[in-house]
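*Asks:* Mind having a look at this structure? Questions to follow.
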Amino acid sequence: MQNKQIKLTKQNIAAIIIIVFLIPLTLYASYKFSDRKYYLTSVLIIIYSMLPFFFVFEKRKPQARELVVLAVLCAIAVASRAAFIWLPHFKPMMAIIIIIGASLGAEAGFLTGAVSSFVSNFIFGQGPWTPWQMFSFGVVGFLAGLLFASGIISKARLPLCIFGGLSVLLIAGPILDTCTLFTMMSMLTKENMVAIYISGLPVNAVHALATVLTLLLFSQPMFEKLDRIKTKYGVLEA
Amino acid sequence: MNTAFDGYHPAVNIMFFAGAIAMGMFFTHPVFLCVSAAASALYYLLLTHKSGMGFLFGMLLTALCVSFINPFLNTTGDTVLFTYLNARPFTLEALLYGFATGGMFFSMLMWFASFNIIMTSEKFIFIFGALAPALSLMLTMILRLVPSFKRKARSIAAARKCIGKAPKGDTKKDALENSMSILSVLTSWALENAVITADSMKSRGYGSAKRSCFAQYKLKKQDITAIIIMLAATALIASGGAVGGVGYAAFLLLPSIIHVKEELTWLILKSRI
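So, in structure tokens, the structure goes:
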């Protein structure tokens, strides 16, 4: 527990440095030296906000068991699509990230979310969307971890499904739509914002449905398996 | 895939693509945009030959759509080309802005398409292995596990069929439940295996020394030359004006030039046989 306290402080310091200095600096530079570099500015900010997580993970020098279990969970999240190949557009990855975040904590949730989406882009192709995907999946995993740790949401099916559906519709989906907005539009007007977010809605709804269904059918067995690993081998006890 | 620029040091590869992509997003001057779009398309075609034509034209079409959608969503501008729907203007300025965005969109996607061919995960891990050893080890493991899990998922499905646990009906619900069971079996198997792998890693000394990398790349003379050219071109770009445009073209055409030079050398050598 003592160790954990120190860990969080370190992360906080790095985060504070980034929030206080780098993000305003980037915003100022983008405002001052270039007009409307929405994409470049936002990607820089996204990368800054992901760095502390990676930095803390490296600094901690994770043990083999933690590392391999996280790698295996990421690989399951990426490969899970293969089990549903007969159902087009069914992506269970977000649900698995939420389960990992809830079961193993916010940090593990963020890492598996960001790393899984990065790896899946090695298969489907990297692009301007990569940092956004990493960020959106990471943030949902992180939030799942935080909300479960603070007891706001329990591991029961219903609250889990509500969280899963809402987090895709209100967090991950809009983040990815913003990426589309910044890459496809030269200027931000009310009309093109409305057009992009509305055209993203059906895709996000299908994604949310897949997430809810996976959570409904798969969350309880997955929790059991993760708990078993935790008690049997003592790995990753959040 | 064995192309000329591919044989350069991964640091040179990533320097080029990071530079090309970041500058492509930064410079909105029409000349710079045209240079970037042309250079990215040229290099992509050099890498893929005829097979890349379909993707290239698809992206060109998408970029044109992006360009022509803009004036419909953005009505600012003085030169009205025509009006529609209760005098809503379609302006030239908005259309030109659309072309700028479309051009940037096109060159970004083209650079990323070449990036995906050149920057294999192996090179990525080589570069980041020193910076982030734990994360890049994780990356290596995941990239190896994903295909193995896909195979395992197929064999689990086959085994379930054998023992009469295939989906009973033809309904989506049965199939979905079956897929969830496969995923569940896969997870149990994978997690148990993970701990065995980790213990084996530990007993063979994971973490006791600095990690080495399977792929070894050495900085050669050609890499240093390429870095110097890129730095010189960046200096030209920073000086601005027409010289900046020349520097930008020199930077972006570097991999294409290396590629063509290599093919010409090969042709000459072949003709001597």
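Keeping their order, the protein sequence lines are chains A and B. If you read the first sequence in this note's numbering, its first letter stands for residue 8, the second for the next number, and so on. If you read the second sequence in this note's numbering, its first letter stands for residue 8, the second for the next number, and so on. In this text, a Cβ means the ideal position worked out from N, Cα and C, and glycines have one as well.
Given Ile13 of chain A, which residues of its chain have a CB within under 7 angstroms of its CB, disregarding the five upstream and five downstream residues?
*Replies:* Since pLDDT at Ile13 of chain A reaches only 47, below the 50 mark, its modelled position is unreliable, and the value read off the structure follows with that caveat. Once the five neighbours on either side are set aside, Ile13 of chain A has no close Cβ partner at all.
*Asks:* Measuring from the CB of Glu65 of chain A, is there a heavy atom of the ligand SAH at a distance below 7 angstroms?
*Replies:* Looking for the ligand SAH in the displayed structure turns up nothing, as the structure carries no ligands at all.
*Asks:* Could you name the residues of chain B that Asn199 of chain A contacts, counting a contact when the two beta carbons are closer than 7 angstroms?
*Replies:* In chain order: Leu80 and Asn81.
*Asks:* Between the stretch 55-73 of chain B and the stretch 125-141 of chain B, do at least 3 Cβ pairs fall closer than 8 angstroms?
*Replies:* Because the criterion of three Cβ pairs below 8 angstroms is not met, the stretch 55-73 of chain B and the stretch 125-141 of chain B do not touch.
*Asks:* With a floor of 3 residues, list each beta strand (DSSP E) that falls wholly inside the stretch 67-134 of chain B, ordered by position along the chain.
*Replies:* Whole beta strand (DSSP E) segments, 3+ residues: 87-91 and 95-98.
*Asks:* How should Met60 of chain B be labelled, buried or exposed, when 16 other C-beta atoms within 10 angstroms of its C-beta is the threshold for buried?
*Replies:* That one is exposed.
*Asks:* State buried or exposed for Trp118 of chain B, treating a residue as buried only when at least 16 other CB atoms are found within 10 Å of its CB.
*Replies:* Label assigned to Trp118 of chain B: buried.
*Asks:* Do Phe113 of chain B and Ala27 of chain B have their C-beta atoms closer together than 8 angstroms?
*Replies:* Result no, Cβ atoms of Phe113 of chain B and Ala27 of chain B do not sit closer than 8 angstroms.
*Asks:* Grouping DSSP H, G and I as helix and E and B as strand, with all else coil, what is Thr119 of chain A?
*Replies:* Helix, per DSSP.
*Asks:* Of the residues that make up the stretch 200-216 of chain A, which ones have a beta carbon closer than 7 angstroms to any beta carbon in chain B?
*Replies:* Under the 7 angstroms Cβ criterion, the stretch 200-216 of chain A contributes Ala202.
*Asks:* Within 8 angstroms of any Cβ in chain B, is that where the Cβ of Gln12 of chain A sits?
*Replies:* Caution is warranted here: a pLDDT of 45 is assigned to Gln12 of chain A, below 50, making its placement in the model unreliable, and no coordinate value can be reported.
*Asks:* How many Å lie between Asp181 of chain B and Ile170 of chain B at the Cα?
*Replies:* Rounded to whole angstroms, Asp181 of chain B to Ile170 of chain B spans 16 angstroms at the Cα level.
*Asks:* Any Cβ of chain B within less than 8 angstroms of the Cβ of Met8 of chain A?
*Replies:* A caution first: Met8 of chain A carries a pLDDT of 35, below 50, which makes its placement in the model too unreliable to give a value.
*Asks:* Check distances from the C-beta atoms of the stretch 201-217 of chain B to those of chain A and list, in chain order, the residues that come in under 8 angstroms.
*Replies:* Residues passing the 8 angstroms Cβ filter: Ala201, Val202, Thr204, Ala205, Asp206, Met208, Lys209, Tyr213 and Gly214.
*Asks:* Name, please, each residue of chain B whose Cβ falls closer than 9 angstroms to the Cβ of Ala71 of chain A.
*Replies:* Simply Thr204, Ala205, Asp206, Ser207, Met208, Lys209, Tyr213 and Gly214.
*Asks:* Along chain A, in chain order, which residues have C-beta atoms closer than 7 angstroms to that of Leu144 of chain B?
*Replies:* Within chain A, the residues near Leu144 of chain B are Leu74.
*Asks:* Does the distance from the C-beta atom of Phe221 of chain B to that of Met237 of chain B stay below 8 angstroms?
*Replies:* Contact flag unset, no.
*Asks:* Quick one: does Met8 of chain B have its CB under 8 angstroms from some CB of chain A?
*Replies:* Residue confidence is low: Met8 of chain B scores 44 on pLDDT, short of 50, so the model does not pin down where it sits. No coordinate-derived value is stated.
*Asks:* Closer than 8 angstroms by beta-carbon distance: list the chain B residues that pair up with Leu77 of chain A, in chain order.
*Replies:* Ordered by position in chain B, the residues that pass the 8 angstroms Cβ test against Leu77 of chain A are Met145.
*Asks:* With 8 angstroms set as the bound, which would you pick, yes or no: does the beta-carbon of Phe64 of chain A sit closer than that to a beta-carbon of chain B?
*Replies:* True, the Cβ-Cβ gap to chain B drops below 8 angstroms.
*Asks:* With 8 angstroms as the threshold, decide whether the Cβ of Phe119 of chain B is near any Cβ in chain A.
*Replies:* Output row for Phe119 of chain B: interface = yes.
*Asks:* Since I believe Phe60 of chain A is in contact with Phe131 of chain A (beta carbons under 8 angstroms), could you give me their beta-carbon distance rounded to a whole number of angstroms?
*Replies:* Between Phe60 of chain A and Phe131 of chain A the Cβ distance is about 23 angstroms, and since that is not below 8 angstroms, they are no contact.
*Asks:* Using only the alpha-carbon positions, how far apart do Ala217 of chain A and Leu142 of chain B sit?
*Replies:* Taking the straight line joining both Cα atoms gives about 29 angstroms.
*Asks:* For the stretch 173-186 of chain B, enumerate the residues whose C-beta is nearer than 8 angstroms to any C-beta of chain A, in chain order.
*Replies:* So the close ones are Lys179, Ala182, Leu183, Glu184 and Ser186.
*Asks:* Relative to the C-alpha of Thr98 of chain B, which candidate in B:Leu260, B:Thr83 and B:Ile76 has its C-alpha closest?
*Replies:* For Thr98 of chain B, the nearest C-alpha among the options comes from B:Thr83.
*Asks:* State yes or no: is the C-beta of Thr108 of chain B within less than 8 angstroms of the C-beta of Met192 of chain A?
*Replies:* Result yes, Cβ atoms of Thr108 of chain B and Met192 of chain A sit closer than 8 angstroms.
*Asks:* Which residues of chain A have a Cβ atom closer than 8 angstroms to the Cβ of Asn20 of chain B, listed in chain order?
*Replies:* Those within 8 angstroms of Asn20 of chain B in chain A number zero; the least Cβ separation is about 13 angstroms.
*Asks:* Within 8 angstroms, do at least three Cβ pairs link the stretch 102-114 of chain A to the stretch 126-143 of chain A?
*Replies:* With the cut-off at 8 angstroms, the stretch 126-143 of chain A and the stretch 102-114 of chain A do not touch.
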